[in-house]
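S.K.: Residue numbers (this note's numbering): 207 to 833. Don't be surprised by glycine CBs; every beta carbon is placed ideally from N, CA and C. Provided herewith is a single structure, encoded as structure tokens, for subsequent inquiry.
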Ligand code: COA
Ligand code: AMP
């Protein structure tokens, strides 16, 4: 029996023993009394009775162990020309002082702090400062519009918001402060203060409740760590659900620290002596887990990169960073590799850099298409490792475990279930399907440490959204199959969630915006194939009777309203006017049928369809790259 099989079997048969052993990777003030508390099932809690501080585990303990001079963060920002290396000792100092700033603004254990920052070291400092105080951070991705930020402010009710004067995107300076002011204006809940990082590229206009980051830090008093329960929340991260209202995924302190420390070696094969780079954004779960927590909990060096894979300055941007810092593991989304491949198909930029330090490339966030896989393998000469997971789980559900036991890689598959996850594929009746047969991918409860214990302030929604469709299981929302060797094949979402350039978005929330246009009678937004971004949203609209409009004008108005309401990241640029949408006889739009056609996995046309010719007419528009 290999290491993988041994770990998988033990995590399944004796989960408490397995995770009690893994818990030794974390420093506890009080060790857990109960490893897995099932008394309130299906609300499982890991490491009940354990007390710790996540920031201490990410920083203080490494400094105390004599590794204070080790570089914690390599900040590299080609968009501003700034590079900065921050040691563990320096990061601890900054974080302790920023914790002092937050405490001075009244933030204490359990309070929420919203962080709306670009990819700057201060984002990591703010997250860890919250962890130090036992406060709960909620990072909001910069590409979201004020209305989305306002919705998160109302749900999380933060005492303080931390933001910056601007972000820099594709050579443009994007002022953040006016967006924040607008969001706070819209929100019912009013935070007591906003701490603003003034960046030289744009100065923010400050108001009475605004605090200047630099001025506050200059006089800040370092704050000691506040010890919390393992089960206390560390953060809330909002993600798109099937409705417009985002779901606040809750992460606890203890289970999270254990799982992320465990995965750094076992899944990614990385150690404290490695330099690791997750080229994502702190606003997404990959950024939380693998830019910040996992590498820092492990005492490694993490790269924080503010820029794009191409055009900053060229298609060799990633390879320059790897060569410059001796990066040992790179984690990004397939879309980033597709962007590079498009600009540099023959690897000429790649050849200009020495990337011999790289041991593996990890890809996640969307399906890894075979073309991208083969291009990356051929040009990088290292294992290209697909891993599948979600904001909800916080760390990989399926992967090739590069530390525990590397296995053969099968293109198209993120390999096998990670120990602790009992992954099954079920049919519509809730029965396990045969190997190779498509179905709903589910995880038997309880899920391992680090996965969501609930949704913020909404236990019932957690049960309804994830635990009800298949009793006894967590329903992932992804469909796919498992082969006879236990390799999983994830084919895509079975709900209204789409993945655009590795960004998770809700077509439901886009539909709500499109449908509010005065000329639109009804609409459907479907993810269609895109060579670069994997999927992009395409809106199909039916006009109200008698409306005459220039399609280009309507398109511009709808695109603008989605950018305004949801944000540029929604990337809705295609609007097609159609005479009708396919429906059932009772008037329900056949979104699922349309999605199946667009995904290349058509399902049998429902017998309840009102007029099959409407579906036939729309089919070419679902499968074509161009609207
Ligand atoms: N703040 C403000 N605006 C942002 C933003 C941010 N943090 N991030 C993206 N946007 C904007 C972009 O500028 C773009 O605006 P535009 O329509 O005016 O051009 C829009 O949101 C869509 O962004 P994106 O989907 O990222 O497209 P892109 O063409 O700018 O870049 C890639 C495409 C593939 C290069 C880019 O998505 C990428 O590097 N992805 C890497 C993978 C990744 O980060 N995955 C996350 C999870 S692992
Ligand atoms: P997010 O919550 O933003 O991480 O998005 C999670 C969703 O992204 C999953 O439910 C999948 O639909 C998709 N996804 C993530 N990783 C992969 C992968 N390796 N293969 C296929 N789909 C993936």
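Would you mind giving the Cβ-Cβ distance between residue 789 and residue 816, rounded to the nearest angstrom? I have them listed as a contact below 8 angstroms.
M.R.: That pair is a contact at about 5 angstroms.
S.K.: Could you tell me the alpha carbon to alpha carbon distance between residue 464 and residue 762, rounded to whole angstroms?
M.R.: Approximately 48 angstroms between the Cα atoms of the pair.
S.K.: In three-state terms, what does DSSP make of residue 403?
M.R.: Strand, per DSSP.
S.K.: What is the rounded straight-line gap between the Cα of residue 301 and the Cα of residue 609?
M.R.: Computed Cα separation, rounded: 31 angstroms.
S.K.: What residue range does the beta strand (DSSP E) around residue 470 cover?
M.R.: Note, residue 470: premise wrong, no beta strand (DSSP E); alpha helix (DSSP H) at 460 to 472.
S.K.: Cα-Cα, which of 310, 513, 730 is closest to residue 324?
M.R.: The shortest Cα separation from residue 324 among 310, 513, 730 belongs to 513.
S.K.: Is it buried or exposed for residue 445, if we count other Cβ within 10 angstroms and need 16 for buried?
M.R.: Residue 445 is buried by the Cβ-count criterion.
S.K.: Looking at the unbroken beta strand (DSSP E) that takes in residue 445, where does it start and where does it end?
M.R.: First-last of the beta strand (DSSP E) with residue 445: 439 to 445.
S.K.: I need the straight-line Cα distance from residue 559 to residue 580, nearest angstrom please.
M.R.: Spanning the two alpha carbons is a distance of roughly 20 angstroms.
S.K.: Is it a yes or a no for the segment 543 to 553 touching the segment 490 to 507, going by three-plus beta-carbon pairs under 8 angstroms?
M.R.: Flag = no, the segment 543 to 553 and the segment 490 to 507 do not touch.
S.K.: Less than 8 angstroms between the beta carbons of residue 767 and residue 723, yes or no?
M.R.: Yes, these two residues count as a Cβ contact at 8 angstroms.
S.K.: Between residue 608 and ligand 2, is there a pair consisting of the residue's CB and a ligand heavy atom that are separated by less than 7 angstroms?
M.R.: Because no heavy atom of ligand 2 lies under 7 angstroms away, the Cβ of residue 608 does not count as near it: no.
S.K.: Is residue 227 a contact residue of ligand 2, with contact defined as CB to any heavy atom under 7 angstroms?
M.R.: No.
S.K.: Apply the 10 Å Cβ neighbour rule to residue 712 and answer buried if 16 or more other Cβ atoms are within range, or exposed otherwise.
M.R.: When all chains shown are included, residue 712 counts as buried.
S.K.: What's the gap between the Cα of residue 257 and the Cα of residue 330?
M.R.: About 23 angstroms.
S.K.: Identify every residue that forms a DSSP beta bridge with residue 372.
M.R.: Answer by DSSP bridge pairing, in chain order: 381.
S.K.: Are there 16 or more other CB atoms within 10 angstroms of the CB of residue 701, so buried, or fewer, so exposed?
M.R.: Residue 701 should be labelled buried.
S.K.: If you measure from the CB of residue 452, is any heavy atom of ligand 1 nearer than 7 angstroms?
M.R.: Residue 452 Cβ: outside cutoff for every heavy atom of ligand 1.
S.K.: Using a Cβ-based criterion (distance less than 7 angstroms to any ligand heavy atom), does residue 592 qualify as near ligand 2?
M.R.: Indeed, a heavy atom of ligand 2 lies less than 7 angstroms from the Cβ.
S.K.: Considering residue 746, what are the terminal residues of the beta strand (DSSP E) in which it resides?
M.R.: 740 to 749 is the span of the beta strand (DSSP E), which, as asked, contains residue 746.
S.K.: Out of 785, 786, 261, 821, which has the shortest C-alpha to C-alpha gap to residue 802?
M.R.: Ranking 785, 786, 261, 821 by Cα distance to residue 802 puts 821 first.
S.K.: Going along the chain, which residues of its own chain have a beta-carbon closer than 8 angstroms to the beta-carbon of residue 371, five neighbours each way excluded?
M.R.: The residues are 381, 382, 383, 402, 403, 404, 405, 407, 408, 409, 410.
S.K.: By the three-class DSSP mapping on this structure, what secondary structure does residue 651 have?
M.R.: Correct three-state label for residue 651: coil.
S.K.: Going along the chain, which residues of its own chain have a beta-carbon closer than 6 angstroms to the beta-carbon of residue 172, five neighbours each way excluded?
M.R.: Past the boundaries of the shown model lies residue 172; the chain is included only from 207 to 833, so the question cannot be answered.
S.K.: Who are the Cβ neighbours of residue 354 in its own chain at under 7 angstroms, not counting the five residues just before and after it?
M.R.: Here the set comprises 772, 773.
S.K.: Tell me, please, whether the segment 391 to 401 touches the segment 410 to 420 by the rule of three or more beta-carbon pairs shorter than 8 angstroms.
M.R.: At 8 angstroms Cβ cutoff, the stretches touch.
S.K.: What is the rounded straight-line gap between the Cα of residue 289 and the Cα of residue 327?
M.R.: Going by the C-alpha atoms only, they are around 11 angstroms apart.
S.K.: Would you decide whether residue 572 is buried or exposed? Buried here means 16 or more other CB atoms lie within 10 Å of its CB.
M.R.: Classification for residue 572: buried.
S.K.: Would the beta-carbon of residue 515 be found less than 7 angstroms away from any heavy atom of ligand 4?
M.R.: Among the ligands present in this structure, namely ligand 1 and ligand 2, ligand 4 is not found.
S.K.: Going by beta carbon distance, what residues of the same chain come within less than 7 angstroms of residue 339, once the five residues before and after it are set aside?
M.R.: Excluding residues within five positions, the ones whose Cβ falls inside 7 angstroms are 305, 308, 309, 313, 314, 315, 429, 432.
S.K.: What's the gap between the Cα of residue 541 and the Cα of residue 525?
M.R.: Residue 541 and residue 525: Cα-Cα distance of roughly 16 angstroms.
S.K.: Distance, Cα to Cα, residue 672 vs residue 829?
M.R.: Rounded to the nearest angstrom, the two C-alpha atoms are 30 angstroms apart.
S.K.: Report yes or no: do the segment 645 to 655 and the segment 607 to 621 share at least 3 C-beta pairs separated by less than 8 angstroms?
M.R.: Too few Cβ pairs lie closer than 8 angstroms, so no.
S.K.: Please state the DSSP three-state secondary structure of residue 665.
M.R.: The answer is helix: DSSP assigns residue 665 an H, G or I state.
S.K.: Are residue 734 and residue 777 closer than 8 angstroms when you measure CB to CB?
M.R.: Not in contact: residue 734 and residue 777 (Cβ atoms no closer than 8 angstroms).
S.K.: Please determine whether the Cβ atom of residue 709 lies at a distance below 7 angstroms from any heavy atom of ligand 1.
M.R.: Under cutoff, so the answer is yes.
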